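Numbering (the numbering used here), first residue to last: 113 to 401.
A short worksheet on the structure shown next.
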Amino acid sequence: MKGRSIFGLIISLAITSQSVFTQSIAVESKRDSVTPSQQEASAILQAICGRDDVFPNRDRGGKLACRKCPSFTGVGSNRGSFTGVGSNRGSLSLFTLEKVVYGSFTQAGTREALADFDGCESHGQFYGGSVLLRRSSQGWSALRYESGLRSNNCLKFPSKNGRDLLVCQGYYAQMGHSYDWLDAIQIGSSETKKSQPIDPVSNTANYKPPFYETRIEDWIAQDIDKDGRPDLSIRVREAKSATKPPGFETRYDSHLPNPTFHRLTFLFDGQSFRATPDTAQLKQRIERK
């Protein structure tokens, strides 16, 4: 989806190999984004919004949140107004801690966390963002905030220089189309640099055909080339229909019949991902809008 990455590219990404499957079973793979304990969540939130502004968001299962939108968010910088954000989201628009990824992101040996928050941002910023924190003997301290960067579904890839790179999945839907992508992310002290291994799109919520569906079914870290480093393996579902199939409902989460499944493999050398021409051609075809 064009225009989502607001920073320059850093990671040279390409696809190296693929397999085509005629059937598949969805698998929920382990992620490095985790739900923190209430004690840990409280410590993180106190570093962001202060001790007196931490409270449980009952509409989100008691997850801890900031009582008001921080000033660095899109809503907080507008004096707390929810104009353009969608006040009908109610308490879902509070700054609620969702997931945390722990690692050394800005430099080797540091104890850092990237905390994913839902709320206080517009639809265009995916209703949230991420806060980078660093741990010291004094506890957590917030370094900076990245509007629109959702880190609730990420895998870590250790680099040669001791820093952790991230691959995170994102989702966006509007006007009958849904976008389901992966970002390869390098977190720095002052900026975040991203590139996209794959950026498929579906139009299953359109009111009329033709319909097409290209979705990421699953993605895992796996040492494909046996070099001791994890690589990125992605399974993609693809289907098309020139007419509306019997019983098909035009929803964002609807599936078209008779799909084909592709396996894409990104080999990681500790610094970048590289690709073969054959898989690059497949990527170009399945991303064609």
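Heads up, the beta-carbon is just placed ideally off N, CA and C, and yes, glycines get one too.
Predicted model, so just to flag it, every value in this text is computed and none were measured.
Minimum C-alpha distance to Pro312 - residue among Ala392, Ala354, Thr326: That would be Thr326, whose Cα lies nearest to the Cα of Pro312.
Buried or exposed (CB count within 10 angstroms, at least 16 for buried), Asn169: So Asn169 ends up on the buried side.
Simplified DSSP assignment, three categories, for Arg386: Correct three-state label for Arg386: strand.
Bounding residues of the alpha helix (DSSP H) (the contiguous stretch that carries Glu152): Segment 150-161, the alpha helix (DSSP H) holding Glu152.
Contact the stretch 241-253 vs the stretch 345-364: 3+ CB pairs below 8 Å: With the cut-off at 8 Å, the stretch 241-253 and the stretch 345-364 do not touch.
Span separating the alpha-carbon of Asp343 from that of Leu261: Their backbone Cα atoms lie some 23 Å apart in a straight line.
Three-pair Cβ contact test at 8 Å for the stretch 209-225 versus the stretch 275-294: Yes, they touch.
Cβ-based burial, Asp335 [other Cβ within 10 Å; buried from 16]: Exposed.
Under the three-state DSSP convention, the category Arg246 falls into: Residue state, collapsed to three classes: strand.
Candidates Glu152, Thr316, Lys338: closest to Lys356 by CA position: Closest option to Lys356, judged by alpha-carbon separation, among Glu152, Thr316, Lys338: Thr316.
Ala296 - partner residues in DSSP beta bridges: Paired residues: Val279, Ser307.
Cutoff 8 Å; reference Gly202; Cβ partners in own chain excluding five residues on either side: Any reading at Gly202 must be qualified, since the residue scores a pLDDT of 48, below 50, and its modelled position is unreliable; no value is offered.
Whole-angstrom C-beta distance between Leu244 and Ser299, which should lie under 8 Å: Looking at the sequence itself, residue 299 is Ile, so the reference to Ser does not match. So it is a contact: roughly 6 Å between Cβ atoms.
Segment limits, beta strand (DSSP E) that includes Val146: Per DSSP, Val146 lies in no beta strand (DSSP E) segment and is marked neither H nor E.
Local Cβ density within 10 Å of Glu210, reported as buried at 16 or more and exposed below that: Looking at its Cβ environment, which holds 16 or more other Cβ atoms inside 10 Å, Glu210 is buried.
Rounded C-alpha distance that separates Ile328 from Cys266: Computed Cα separation, rounded: 14 Å.
Nearest residue (CA-CA) to Ala296, options His289, Pro270, Tyr319: Residue Pro270 is the option with its Cα nearest to Ala296.
Glu350 - partner residues in DSSP beta bridges: Answer is Thr326, Thr372, bridged to Glu350.
Where Lys180 falls: helix, strand or coil (DSSP): Coil.
Enclosing beta strand (DSSP E) for Tyr214 [first to last residue]: Annotation: the continuous beta strand (DSSP E) that includes Tyr214 extends over 207-215.
Opposing strand residues paired with His289 [DSSP bridges]: Beta-bridge partners assigned by DSSP to His289: Gln286.
Short Cβ contact (9 Å threshold) for Asp292 with Ser259: Contact flag unset, no.
Cα-Cα separation between Gly282 and Phe229, rounded to whole angstroms: Separation of Gly282 and Phe229 (C-alpha to C-alpha, rounded to the nearest whole angstrom) is 14 Å.
One or two residues paired with Gly251 in a DSSP bridge: According to DSSP, Gly251 bridges with Ser248.
Outcome for Asn370 when other beta-carbon atoms lying within 10 angstroms are tallied against a minimum of 16: Answer is exposed; the Cβ neighbour count stays below 16.
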